[in-house]
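S.K.: Questions regarding the structure given below will be posed in turn.
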Amino acid sequence: MRLCHVASSFEAIFRHVGWIRGNSLGSSQPGATLDEIVNAVPPYIVDDIRQQMTLAAHPGPFEGLRQLPAAQRVCGPVFDGSLHVGGADADFILRGQLIDCKAFIRPERMGRAELYQLAGYLLLDYSDSYSIESVGLYLSRQGALIDWNVADFLGFMGAHLELPDLRAACRYALTDGAAGTPPPPEDPRRPLPRPRNAPPVQDTLFGDLA
């Protein structure tokens, strides 16, 4: 388990193309050997990893998923459009369900970024090679899986197009029009919802009454 933690610290540096604040490798001495780095992992981290693995094993949602045939268990799937975004690989696709794992201590603090990440993976599978039918977030410290079927998820995200059209439009945008097809014109009767961080339409509710 200590080795898993050390490997994840190196992976974080690789994925961020440089140092990130809070990485436990920062406490290592210059010239430290791998054994020294591994032995320096605090016991509470080992306990935390063990607890997460226990939750995933029983009676968590992965208990049954581990029994799936190998062809239905894909770890670290890479998508058609992964290279168009500088490289992107998800955590799991299990029996057609795209699952991204999150180790939040405070899961109520999850926001748009986590949902957009799921949506991005879903759209990058241009050719539907994984036949994704549902998407979900697995909360490893709570042992809980929050999932949606694809239609409900896209509706929840405010999409007005079907998945194939969204994928084609995504490909078109990421390749500067070299592949895919542009989205159809917006239906003026169904305007897209205004972003939550957009400025107000008017200064106050009673701006015209001053």
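So that you can map any letter, position 85 of the sequence shown is 1314 in the working numbering, and since no number is skipped, the others follow by simple counting. Glycine included, each C-beta is placed from N, C-alpha and C at the ideal position. Here the structure is a predicted model, which means the values were calculated and not measured.
Alpha carbon to alpha carbon, how far is VAL1307 from ASP1354?
M.R.: In a straight line, the C-alpha of VAL1307 is about 9 Å away from that of ASP1354.
S.K.: Quick check on DSSP: helix, strand or coil for ARG1302?
M.R.: Strand.
S.K.: Alpha helix (DSSP H) containing ASN1268: first to last residue?
M.R.: Unbroken alpha helix (DSSP H) run through ASN1268: 1263-1268.
S.K.: When DSSP builds the beta bridges, which residues end up paired with ILE1322?
M.R.: DSSP lists VAL1303, LEU1327 as partners of ILE1322.
S.K.: I'd like to know whether the C-beta atoms of ASP1376 and SER1363 end up nearer to each other than 8 Å.
M.R.: Contact flag set, yes.
S.K.: Between ILE1278 and VAL1303, how many whole angstroms is the CB-CB distance? I'm expecting something under 8 Å.
M.R.: That pair is no contact at about 23 Å.
S.K.: Should PHE1291 go down as buried or exposed, given a rule of 16 or more other Cβ atoms within 10 Å for buried?
M.R.: Classification of PHE1291: buried, given that the 10 Å Cβ count is 16 or more.
S.K.: Per DSSP, which one or two residues make a beta bridge with TYR1367?
M.R.: DSSP lists CYS1330, LEU1374 as partners of TYR1367.
S.K.: Taking Cβ positions, are ARG1396 and ALA1408 nearer each other than 8 Å?
M.R.: Against a cut-off of 8 Å, the Cβ pair of ALA1408 and ARG1396 comes out as no contact.
S.K.: Nearest-angstrom Cα distance between ASP1405 and HIS1287?
M.R.: Distance between the alpha carbons of ASP1405 and HIS1287 is about 47 Å.
S.K.: Is PRO1272 helix, strand or coil by DSSP?
M.R.: Reduced to three states, the DSSP call for PRO1272 is helix.
S.K.: Can you grab the Cα-Cα spacing for the pair PRO1281 / GLN1371, in whole Å?
M.R.: Reading off the sequence, residue 1281 comes out as Gln, not Pro. Going from the Cα of GLN1281 to the Cα of GLN1371 covers about 8 Å.
S.K.: Mark TYR1345 as exposed unless 16 or more other C-beta atoms lie within 10 angstroms of its C-beta, in which case mark it buried.
M.R.: When all chains shown are included, TYR1345 counts as exposed.
S.K.: Comparing C-alpha positions only, which one of VAL1275, ALA1236, LEU1352, GLY1255 sits nearest to VAL1314?
M.R.: Ranking the options by Cα distance to VAL1314, first place goes to LEU1352.
S.K.: Give the DSSP-derived three-state secondary structure of GLU1415 in the structure shown.
M.R.: GLU1415: coil per DSSP, three-state reduction.
S.K.: Please work out which residues of its chain come closer than 6 Å, Cβ to Cβ, to ASN1378, disregarding the five sequence neighbours upstream and downstream, and give them in chain order.
M.R.: Excluding sequence neighbours, ASN1378 sits near SER1363.
S.K.: Who are the near neighbours of PHE1382 in its chain, counting only those whose CB is closer than 6 Å to its CB and skipping five residues on each side?
M.R.: Closer than 6 Å at the Cβ level, and outside the excluded window around PHE1382, lie VAL1364.
S.K.: Once DSSP output is grouped into helix, strand and coil, what is the label at THR1404?
M.R.: If DSSP states are grouped into helix, strand and coil, THR1404 belongs with coil.
S.K.: If you check the beta carbons only, do ASP1318 and LEU1366 fall under 8 Å apart?
M.R.: Not a contact, by the Cβ cut-off of 8 Å.
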